[in-house]
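So the sequences go chain by chain: A and B.
Counting from 1 along the first sequence, just add 14 to a position and that's the residue number in this note's numbering.
Counting from 1 along the second sequence, just add 998 to a position and that's the residue number in this note's numbering.
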Amino acid sequence: MKMFSRLIIRALALLVCVLFAEPLLAQQAPIKIGVGEALSGGLAGGGKAALLTYQIWQEEINARGGLLGRKVEFVYYDDQSNPATVPGIYSKLLDIDKVDLVISGYATVPVVAAMPVIIAHKKTFLAYYALDANAQFKYDRYFTMQPSGPNPQSAFSAGYFNLAASITPKPQTIAIVGADAEFGQIAMAGAREHAKENGFKIVYDQSYPPATVDFTSIVRSIKVLNPDLVYIASYPPDSAGMLRAIYEVGLTAKLLGGGFVGLQFAALKQQFGYQLNNVICFDYYAPEPTMKFAGVDEFLVKYRARAVAAGVDVLGLYIPPYAYAQMQILEQTVKAVGGFDDAKMAEHLHKTTFKTIVGDIKFGRYGEWESPRIITVQYQNIKGNDVQQFIESGKQVILDPPQFKSGTLRVPFTPTKQ
Amino acid sequence: MVNPELLFNALLTGLFLGGFYAAVSVGITIAFGMLDIVNIAHPAFIMLGAFVEFYLNSNFGIDPLLASLIAIPPAFLVGRLLYKIYYYAFERHGEESLQGLAFFFGILFIVEVGLLLVFGVDYRFVEADYIRKTIEFGYISLPLRLVVPMIVGLAMVAAIYFFTSRTFLGRAILAVSQDPGALRFVGGNPMRVKEIAFGLSIATAVVAGALLIIIQPVEPSLGREYIGRVFAICVLGGMTSLGGTVLASIIVGITEALTTTFGGPSWAPAVAFGLLIFALVVRPQGIFGR
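What follows is the structure, encoded as structure tokens:
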């Protein structure tokens, strides 16, 4: 009998341990955030910079005790800048790795590729730098760190055309050229809309395939038409090729640029240096006095201290501030809802104005920003090829929108001799 | 009425590109055309060459073309070593077709990831006096960024042609591409000859890398965009023919430039590869193939 009682007591003790162990273990398990990021391929310059930013945020939040009392860790895979890999990556993250949260990798094409998997799993998805990625899906749990506003196609080039319209005498003709890829096509479509609205005659309207080696023929074809305006929507290697060809052929225009992706990165800023003077480009953040948001300078100091060793963009002006803001928003949302319920997270993301290192952000109906905030800059006063000068204000002068304007437009663009 | 300025400049641009494509493709002509080795990793070695030249240029101020000359001997030795591994692992057992192809795919990814780990993901470029200069004659402009790679590319192919047609070892390479057994009869060692030839093909890759980084900034995975082009040019040229490689490269370059100028850039690859298909239908062995 005594032995039987002891057996019962031991069995009960074991049962109690099992019942309490599981939640205890779960409390200690880290929060896993899944991401498919471009760590190789053409988009890796942005992807690796974003990953470094996530790591900085992760260290900060874990030092503060974690999120909801739990450490945070990232589960990430390289999408090789190849959209074909993305659905598989996110399926693995969600079905096998069983991550708690998912965010997107860099750029429009991979984000669009991820959407079907995200929608099928009904996940809340915080993306970044994806232009109009939700236009066809109209998914109500998609949110993006792309300050394009509710009409991304139009907003992307709006600043360029606002500046064009302000030139006197009024420009008459425009050449539009861009990459044969999702981003390029969307940007060019928006440019065509604006050209029509402003009464600019489109004299050249072509796209080029991504594997184009040399752009001399394209630029020469534009030059013979002598357009007043030249709008270019290109990816980094193409932006470099275009600018080189522009200098070799001697193309001039009242306004040139608009949609150069790549000029935001330190590598091309350093390569072209003074040759960027008077080029117009979109951007999301510039170190101008009108964009002094709380926390952004401190973050950039931390990022730059690690950028060289990590082999990423040494300036960190393009991707990192918004990638950090992305994690700030995720953190604020998870804390507000007290967990990872996707419906509650989406509801919170829709109704809240978030305070971040890139200012206040409020999302609209389909996850785009409620108001556009793409800035249009003109490179001015660039001397030589020293990349550190771009940390100072006065080199990427903001001309649009008016609330961030920090200088005046200089026309025309002509190839600059050093 | 065709604009003469556009026409002449497009023809010149096509010629410049053709010379560059010849440099990029000649290594495949040797490896694939002559040695029957499907070295799909050849563009990765071009990138490796480009990054070696970037390293020497940015750290020691060495001109990229001079840097490529410095890189040739070690590249040649790497190529020889690679062939030895390929031979003992696959070719000797008759498994070169599928397993050999997988081997070179693996080499491609190893080289690419290695470059990523060492150099990072940013676009890299070189500096040289001639890169930003353009010579102008009236409405004809000659950007040295394109002229220099063309001249060097064609000079390299000419040197290889001279080597294969005028030297004993060079003729042995041509012989092994035609009939390894016959070469053995006359006392040659086919494996040794192929080893040297493969080393030569990798050496051409590092020179092509210098030309590439002069033309445009590079990042580790850029080589993948050249895989289709280099094999297409080799096939169009006639597989073993160096002259065919040059002519095919120029045809592709001019076709791309003319289409870009007069038809629209989107059509350029379609027209160039359409021409390849047409040429192979009319002459399946390629331009100078036997």
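For every residue, glycine included, the Cβ atom is placed at its ideal position computed from N, Cα and C.
These figures come from a predicted structure and were not determined experimentally.
{"query": "Which ranges does the alpha helix (DSSP H) cover as unbroken runs of at least 4 residues, wholly within the stretch 1202-1286 of chain B, from first to last along the chain?", "result": "1225-1235, 1240-1256 and 1266-1280"}
{"query": "Rounded to whole angstroms, what's the CA-CA distance from A/ILE23 to A/PHE354? Just pull it up for me.", "result": "38 Å"}
{"query": "Is DSSP giving B/PRO1141 helix, strand or coil here?", "result": "strand"}
{"query": "Sort A/LYS152, A/TYR245 and A/LYS210 by Cα distance to A/MET202 and report the nearest one.", "result": "A/TYR245"}
{"query": "Okay, do the stretch 1035-1049 of chain B and the stretch 1203-1221 of chain B touch, 3+ Cβ pairs below 8 Å being the bar?", "result": "yes"}
{"query": "Would you verify that the beta carbon of A/ALA267 is, or is not, closer than 7 Å to some beta carbon of chain B?", "result": "no"}
{"query": "Report the residue ranges of all alpha helix (DSSP H) runs contained in full by the stretch 354-388 of chain A; include only those spanning at least 4 residues, in chain order.", "result": "356-365"}
{"query": "Looking at A/THR161: is its Cβ nearer than 7 Å to the Cβ of A/ALA195?", "result": "Sequence inspection shows Pro at residue 161 of chain A; the Thr mentioned does not correspond to that position. It is not a contact, given that the beta carbons lie outside the stated cut-off."}
{"query": "Inspect the beta-carbon positions of A/GLN410 and A/VAL391 and report whether they are closer than 7 Å.", "result": "yes"}
{"query": "Buried or exposed: B/VAL1184, going by 16 or more other Cβ atoms within 10 Å of its Cβ?", "result": "exposed"}
{"query": "Residue ranges of each beta strand (DSSP E) run of no fewer than 3 residues wholly in the stretch 112-156 of chain A, ordered along the chain?", "result": "115-120 and 139-142"}
{"query": "Out of A/ALA321, A/GLY204, A/LYS306 and A/LYS369, state which residue places its alpha-carbon closest to the alpha-carbon of A/GLY273.", "result": "A/GLY204"}
{"query": "Would you mind sorting B/GLY1242 into buried or exposed? The rule is 16 or more other CB atoms within 10 Å of its CB.", "result": "buried"}
{"query": "When you compare each of A/ILE181, A/ALA193, A/VAL89 and A/GLU384 to A/ILE110 by their alpha carbons, which one comes out closest?", "result": "A/VAL89"}
{"query": "Could you check which residue in A/ASP154, A/GLU345 and A/THR122 has the C-alpha nearest to that of A/ILE133?", "result": "A/ASP154"}
{"query": "Extract the residue ranges of the beta strand (DSSP E) inside the stretch 208-251 of chain A, only unbroken runs of 3 or more that lie entirely within it.", "result": "215-222 and 243-248"}
{"query": "Taking only beta-carbon atoms, is B/PHE1046 less than 7 Å away from chain A?", "result": "Checking the sequence, you will find Leu at residue 1046 of chain B rather than Phe. No, B/LEU1046 does not count as interfacial toward chain A."}
{"query": "Sort out for me which residues DSSP pairs A/ALA193 with in a bridge.", "result": "A/TYR222"}
{"query": "Could you give the residue range of the beta strand (DSSP E) that holds A/LEU108?", "result": "From DSSP, A/LEU108 is part of no beta strand (DSSP E); its letter is neither H nor E."}
{"query": "Is the stretch 1215-1222 of chain B touching the stretch 231-239 of chain A in the sense that three or more CB pairs, one from each, lie closer than 8 Å?", "result": "no"}
{"query": "Specify the secondary structure class of A/GLU406 as computed by DSSP and reduced to three states.", "result": "coil"}
{"query": "Note down, in chain order, every chain B residue with its Cβ under 9 Å from the Cβ of A/ALA225.", "result": "GLU1223, TYR1224, GLY1226, ARG1227 and PRO1267"}
{"query": "B/SER1139 touches chain A at which residues, Cβ-Cβ below 7 Å?", "result": "GLU262 and VAL263"}
{"query": "Measure from the C-beta of A/LYS62 to each C-beta in chain B and report whether the shortest distance is under 7 Å.", "result": "yes"}
{"query": "Do you know how far the Cα of A/VAL49 is from the Cα of B/PHE1276?", "result": "45 Å"}
{"query": "So does the stretch 1234-1250 of chain B actually touch the stretch 1114-1123 of chain B, counting three or more Cβ pairs closer than 8 Å?", "result": "no"}
{"query": "Can at least three beta-carbon pairs, one atom from the stretch 63-78 of chain A and one from the stretch 248-258 of chain A, be found at a separation below 8 Å?", "result": "no"}
{"query": "Any chance the stretch 1139-1147 of chain B sits against the stretch 304-321 of chain A, with 3 or more Cβ pairs inside 8 Å?", "result": "no"}
{"query": "Between the Cα of A/PHE197 and those of A/LYS184, A/ASN212, A/SER221 and A/THR187, spot the shortest distance and give me the residue it belongs to.", "result": "A/SER221"}
{"query": "Measuring straight from C-alpha to C-alpha, what distance separates A/GLU36 and A/ALA43?", "result": "With a pLDDT of 49 at A/GLU36, under the threshold of 50, the predicted position of this residue should be treated as unreliable, though the coordinate-derived value follows. Using only the alpha carbons, I get a separation of about 11 Å."}
{"query": "So what does A/GLN199 bridge to, in DSSP terms?", "result": "Per DSSP, none; premise fails for A/GLN199."}
{"query": "Against chain C, with Cβ distances strictly below 7 Å, would A/THR138 count as a contact?", "result": "Among the chains of the structure shown, chain C does not appear; the protein chains present are A and B."}
{"query": "Is there a Cβ of chain A sitting closer than 7 Å to that of B/VAL1205, yes or no?", "result": "no"}
{"query": "So, with DSSP's three-state summary, where would you put A/ALA52?", "result": "coil"}
{"query": "For A/TYR393 and A/ILE45, what's the separation of their Cα atoms in angstroms?", "result": "42 Å"}
{"query": "Interface residues of chain B around A/TYR143 at Cβ under 7 Å?", "result": "By Cβ distance, chain B contributes nothing, its closest Cβ being about 16 Å from A/TYR143, past 7 Å."}
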